[in-house]
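Accompanying notes for the structure given below.
Chains as they are written, first to last, in my numbering: chain A, 1 to 174; chain B, 175 to 339.
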């Protein structure tokens, strides 16, 4: 094995370690965000997988970005937008979620709970894309600065847009 | 200080204001019951929304990295950068299709125009101008054929020369 091969192998191992660390720190959080955004676990897993594949594609994965969480979130959100665009243009499908509701229809309480869950999911899916994104980012405990980075907004605009989105969702939930 | 707007209330509730602005708002809230009630309502609404959303989605855990992004896929991804088309051309397909249709339509119109012009040219006889010049015993008669589309004489003019008997 010559020097360049050793160097390449070393870089790949370094990249793998960096990827594992990123995955360990952020994968659960990112999957939660993707599930909330798409309303579907399978789609969310695909988005997260694709986002981490993009990370693996980066030549400088060894060097962690300044804010990896916001960066991963931005990649996932862009992938989600691409997917929405494709679905809307090609199939003209409405964006209704296909949630995996828990089974169990035994008691009246179960029915009521299922009804409530369906109502909340439907309300979220009926929000305009940007509002839904804002609510999901907020719900995933991102700061205004992180939201601004993901959405290409000024930090001062986030409060205004977010309050509007929350009010719309609250109105749909009433 | 003026009463708070909705956006300032949200930023205050979320702890997104700098300490000076937050202190100013706290001072205002202690003196303004309307704003205090409104801020409480904003806080309650945010909590209700969060609680409802938490209830509607179960907590999920990501699969192990080896399952989500297998090592061979990582290598394949690293070895195959995305195509330049996919990186730089993010034009929606319907838009591309519409542009293609427009270009095709324009092509058909131009082609038909050329066909019509060609037919016209074929059916109409080109005008012939005859110029006769007499010099001594020689008469030079020249026929000039005009090209309709260019409005200028075509190069190959026909020349007839007659001698007087």
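Ideal Cβ placement from N, Cα and C applies to all residues, glycine included.
Taking the straight line between their C-alpha atoms, what separation do you get for residue 220 of chain B and residue 17 of chain A?
As the crow flies, the alpha-carbon of residue 220 of chain B is around 39 Å from that of residue 17 of chain A.
Assuming residue 230 of chain B contacts residue 117 of chain A under a Cβ cut-off of 8 Å, what Cβ separation, rounded to an integer in Å, is found between them?
5 Å
Between which two residues does the alpha helix (DSSP H) containing residue 236 of chain B stretch?
No alpha helix (DSSP H) contains residue 236 of chain B, which DSSP labels as neither H nor E.
Please report the straight-line C-alpha distance between residue 170 of chain A and residue 284 of chain B, rounded to a whole angstrom.
57 Å
Pick from A:71, A:24 and A:32: whose alpha carbon is nearest that of residue 140 of chain A?
A:32
Within a Cβ cutoff of 8 Å, which residues of the same chain sit near residue 154 of chain A, ignoring the five residues on either side of it in sequence?
148
Helix, strand or coil, according to DSSP, for residue 154 of chain A in the structure here?
The three-state reading of DSSP puts residue 154 of chain A in coil, since its state is none of H, G, I, E or B.
Counting contacts by CB-CB distance shorter than 7 Å, is residue 186 of chain B in contact with chain A?
no
Should residue 161 of chain A be labelled buried (16 or more other beta-carbon atoms within 10 Å of its own) or exposed?
buried
What is the DSSP secondary structure of residue 316 of chain B, counted as helix, strand or coil?
strand
Closer than 8 Å is the cut-off here; do at least three beta carbon pairs connect the stretch 66 to 73 of chain A with the stretch 19 to 36 of chain A?
yes
Kindly say whether residue 51 of chain A, judged by its beta-carbon, lies nearer than 7 Å to any beta-carbon of chain B.
no
Going by the DSSP bridge assignment, what does residue 307 of chain B pair with across the sheet?
For residue 307 of chain B, which the question treats as bridged, DSSP gives the partners B:314.
Which first and last residues belong to the alpha helix (DSSP H) in which residue 209 of chain B is found?
207 to 230
What distance in whole Å lies between the Cβ atoms of residue 120 of chain A and residue 351 of chain B, which are believed to be in contact at a cut-off of 8 Å?
Since the first residue shown for chain B is 175 and the last is 339, residue 351 of chain B is missing from the structure and cannot be characterised.
Tell me which residues share the same chain as residue 132 of chain A and place their Cβ nearer than 8 Å to its Cβ, disregarding the 5 neighbours each side in the sequence.
37, 124, 125 and 165
Please tell me whether residue 190 of chain B has its Cβ less than 7 Å away from any Cβ of chain A.
yes
Looking at chain A, is there any beta carbon in it that lies within less than 7 Å of the beta carbon of residue 213 of chain B?
no
Taking CB distances under 7 Å as the criterion, tell me whether residue 235 of chain B reaches chain A.
Using beta-carbon distances, residue 235 of chain B counts as an interface residue toward chain A, with a partner under 7 Å.
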